[in-house]
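If you want my numbering, it's the position in the sequence shown, counting the first as 1, plus 6. Step one of this worksheet: look at the structure below.
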Amino acid sequence: MPPRKLPKSKPPEELATIDVAAIETESTNQASVFEVETSQTAGEIEPATKKPLRKTARRGRYSTVERPMTSADLFPSAAIHPMATNRVIWESCNILSQGEDLDWKYADDGSPHYKSLVAKGRGYLSFFVTKDLFAKHPSVLEGEAALALIEEFDIRAACMHLIYAAHATQLERPWEQSFTLSDTQLERYLGLDQNKKLNKQQKLELMLEWAKQPCHLLVYVSYPDQGKVKGFTVSRTHLWEMTEPMLHFQECIQDTDGQCVGEKQWVGFTLRMRCGYWAEYFLNRERLQDKSGYYEYGFLSKGLLNGIMSTWHHHAGAARLMMWLLFKTRVNRHSPLSVETLMKVAFGIEDLQTARTNSKERKRIVRLWLTSLKTLIEKGWKVEPDAATYPSEYWIETPTAQAISQIPDDPEAAIAFWSQDAALPEGDRITDFKKRVRGSFEQLLKGRIWIQPPAEIEEKLDEIADSRRYPQRERNQTSQANLDRDQSPQDSSKSLSRRSSRVNADFSSVGQKSESLSKVQTLITSGEELRNLRISKGWTQKALATKLERSVSWVKMVEKGERNIQPEDQEKLKEYVLEPAI
Numbered sequence: 007m008p009p010r011k012l013p014k015s016k017p018p019e020e021l022a023t024i025d026v027a028a029i030e031t032e033s034t035n036q037a038s039v040f041e042v043e044t045s046q047t048a049g050e051i052e053p054a055t056k057k058p059l060r061k062t063a064r065r066g067r068y069s070t071v072e073r074p075m076t077s078a079d080l081f082p083s084a085a086i087h088p089m090a091t092n093r094v095i096w097e098s099c100n101i102l103s104q105g106e107d108l109d110w111k112y113a114d115d116g117s118p119h120y121k122s123l124v125a126k127g128r129g130y131l132s133f134f135v136t137k138d139l140f141a142k143h144p145s146v147l148e149g150e151a152a153l154a155l156i157e158e159f160d161i162r163a164a165c166m167h168l169i170y171a172a173h174a175t176q177l178e179r180p181w182e183q184s185f186t187l188s189d190t191q192l193e194r195y196l197g198l199d200q201n202k203k204l205n206k207q208q209k210l211e212l213m214l215e216w217a218k219q220p221c222h223l224l225v226y227v228s229y230p231d232q233g234k235v236k237g238f239t240v241s242r243t244h245l246w247e248m249t250e251p252m253l254h255f256q257e258c259i260q261d262t263d264g265q266c267v268g269e270k271q272w273v274g275f276t277l278r279m280r281c282g283y284w285a286e287y288f289l290n291r292e293r294l295q296d297k298s299g300y301y302e303y304g305f306l307s308k309g310l311l312n313g314i315m316s317t318w319h320h321h322a323g324a325a326r327l328m329m330w331l332l333f334k335t336r337v338n339r340h341s342p343l344s345v346e347t348l349m350k351v352a353f354g355i356e357d358l359q360t361a362r363t364n365s366k367e368r369k370r371i372v373r374l375w376l377t378s379l380k381t382l383i384e385k386g387w388k389v390e391p392d393a394a395t396y397p398s399e400y401w402i403e404t405p406t407a408q409a410i411s412q413i414p415d416d417p418e419a420a421i422a423f424w425s426q427d428a429a430l431p432e433g434d435r436i437t438d439f440k441k442r443v444r445g446s447f448e449q450l451l452k453g454r455i456w457i458q459p460p461a462e463i464e465e466k467l468d469e470i471a472d473s474r475r476y477p478q479r480e481r482n483q484t485s486q487a488n489l490d491r492d493q494s495p496q497d498s499s500k501s502l503s504r505r506s507s508r509v510n511a512d513f514s515s516v517g518q519k520s521e522s523l524s525k526v527q528t529l530i531t532s533g534e535e536l537r538n539l540r541i542s543k544g545w546t547q548k549a550l551a552t553k554l555e556r557s558v559s560w561v562k563m564v565e566k567g568e569r570n571i572q573p574e575d576q577e578k579l580k581e582y583v584l585e586p587a588i
């Protein structure tokens, strides 16, 4: 039987190729493979850890190959990992996910750039594009070539950018140290290991293209004084620095004469990455301590990456929103978001302006908007309209649709249902359908929506918020403990007695308030009243949220006075909170 011919596969152009079968004999050339010229130093990228090459056993027809040791996995046991969320990371993510829909301006030399103002216009970030991925002094791309590159930006490359931002948090000095990634890691992160429609070579080509796109961005930073942090500037530098990717190939099959049959098969690649010089000011714990820089981080979940990868093709607007909301909810989760802002993110400024004047385009935008909201909810995001500003006829499930779903199937019960509906005042009946009138689209744009991230991210963000309050409480407790230690035994007992009296008085006051409220009050009008009643019943915020069919974040915001209690919530509160427990 003649030997089977292997399918041909050629590596992408402009990449250094390395035969892994000859790695051991050509180990002296390893330094040249990973040598890189950066925008701020002429030295090599310093690896985070110097570890020997490891052998990776491959299944099937691929033989064992030598590969460099990679950085630690992001999701080894948990589905969430810290991720840098500073303004540079956020804005570059917007560029990769929204591309030409952003407001690009032209400089005097004809090069397009995207400028984002910070600190109410006192500072700014400017982004440019380049083709020089490995140059020490990259040149800015100009004219039509730059616009063509911007149009190629892919939201899946933004996912790769988030992966880089998460790996950067594993390093102490990410502007000097590097992290190493393999194709198998990226395949798991993006959920491509479950994709059976693409073969191995197609996946490798796509992932390598997505991996390069964030490296086409250059950033210039001009930051003003903010609080105790003095202003600073960062010269134009790479967003991410990349060495020439290391490609791995399967050895040729040899015939009886020792001649290779077919061509070498591309089976993988390895990337070595490093942050640009901007990270010294935005990902520097030392500068954070001495108030000369920032270190902002949030959390990236594997579910979010998989959600974006699974929805970008059919629901691009929802994928863009998930990407943008990952950063926005890190900054502020306790304020409603404008529908107009969200639509600009999802569909672009130009399409939204067209929808204002064109009825056909307006219907399309509204349809895509409702589909995007449904997709967000399916992917674990908590989305609620603001009853005071959001028009109900533009919600996913209108009150009319909810009422119609309650119509009983039994004919006699249906007759009674419609008789009761007919007795209702005008405007409250199901048949009083509220149509979308002229000008209602502008009312929709002025509406607001409450959005919370998926549960696993929200839980971690709550921990960050608590940790910021806890150190002060811990210092107070430590100071009090030191004071008690220095006091005499008699003074200590008196101090303890005073503190116990205050604690008992606090609990008794809460009990008195809740008891008086439960006797005479029929409505809860403030978050403080809700909190006192909840404590009196011994419920946690989660337990109350479950009873009211609300989210925990909703209960928190109501108790803090950041949300109002709606009339439909009063009925459930009356049933579960104001009525005595059975």
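Beta carbons are placed, not taken as given, at the ideal position from N, Cα and C, and that holds for glycine. Computed from a predicted model, the values in this text were never measured in an experiment.
Here's a check: name, in chain order, each residue in its chain whose Cβ is nearer than 6 Å to the Cβ of residue i, leaving out the five neighbours to either side.
| i | result |
| --- | --- |
| K385 | G313 |
| F333 | T91 and W96 |
| N570 | none |
| V235 | K297 |
| S522 | The predicted position of S522 is uncertain, since its pLDDT is 43 and thus under 50; no value can be drawn from it. |
| I161 | S103, W318 and A325 |
| G237 | Y229, P230 and D231 |
Run the CB neighbour count on residue i, radius 10 Å, all protein chains shown included, and call it buried at 16 or more, exposed below.
| i | result |
| --- | --- |
| L277 | buried |
| I169 | buried |
| E577 | exposed |
| I413 | exposed |
| R73 | buried |
| C281 | buried |
| E158 | exposed |
| V561 | buried |
| P573 | exposed |
| L579 | buried |
| P459 | buried |
| A171 | buried |
| S494 | Confidence in S494 is poor, its pLDDT being 49 and thus under 50, which makes the residue's placement unreliable; the coordinate value appears in the next sentence. It counts as exposed. |
| D231 | exposed |
| V273 | buried |
Give every residue of the same chain whose Cβ lies closer than 7 Å to the Cβ of residue i, excluding the five residues on either side of it in the sequence, and list them in chain order.
| i | result |
| --- | --- |
| P397 | S446, Q449, L450 and G453 |
| L123 | Y130 |
| A163 | L102, W216, Q219 and P220 |
| R93 | V124 and L131 |
| F353 | G323, I371 and L374 |
| L550 | R540 and V561 |
| G105 | I156, E157 and F159 |
| E565 | G533, L536 and R537 |
| L379 | V389 and I402 |
Cα-Cα, which of the options is closest to residue i?
| i | options | result |
| --- | --- | --- |
| K350 | G323, N338, F333 and L376 | G323 |
| H321 | S83, I541, T381 and D416 | T381 |
| K142 | H119, M248 and P74 | M248 |
| G116 | E157, L123 and V135 | V135 |
| Y300 | Y287, I463, W456 and L177 | Y287 |
| E462 | E535, L214, S103 and W387 | W387 |
| G309 | W401, M328 and A394 | M328 |
| D189 | K206, E178, E182 and K202 | K206 |
| Y303 | Q176, A428 and R362 | Q176 |
| R362 | F81, E346 and P391 | E346 |
| E399 | K270, I383, L376 and D415 | L376 |
| N100 | Q191, P417 and Y120 | Y120 |
| A151 | Q191, P118 and L306 | P118 |
| F140 | M213, H244, L204 and L331 | H244 |
| V240 | K209, W246, W284 and T262 | W284 |
| E257 | D263, E193 and K270 | K270 |
| S184 | W246, M213, W110 and E211 | W246 |
| N338 | M213, L224 and D468 | D468 |
Looking at the strands, I want to know which residues DSSP matches up with residue i.
| i | result |
| --- | --- |
| E247 | R280 |
| P118 | Y112 |
| G233 | None; G233 has no bridge partner. |
| S344 | R454 |
| W272 | F255 |
| M89 | G304 |
Might you give, ordered along the chain, the residues of its own chain that have their beta carbon closer than 8 Å to the beta carbon of residue i, omitting 5 neighbours on each side?
| i | result |
| --- | --- |
| D138 | P144 and S145 |
| A393 | Q572 |
*Of all the alpha helix (DSSP H) runs that stay within the bounds of the region 126-191, which reach a length of 4 or more residues?*
149-157 and 161-174
_Runs of 4 residues minimum, wholly inside the region 526-584: which ones carry the alpha helix (DSSP H) assignment?_
533-542, 547-554, 558-565 and 573-579
*asked:* What ranges does the alpha helix (DSSP H) occupy inside the region 286-314, keeping only unbroken runs of at least 4 residues that lie completely in it?
replied: 291-295
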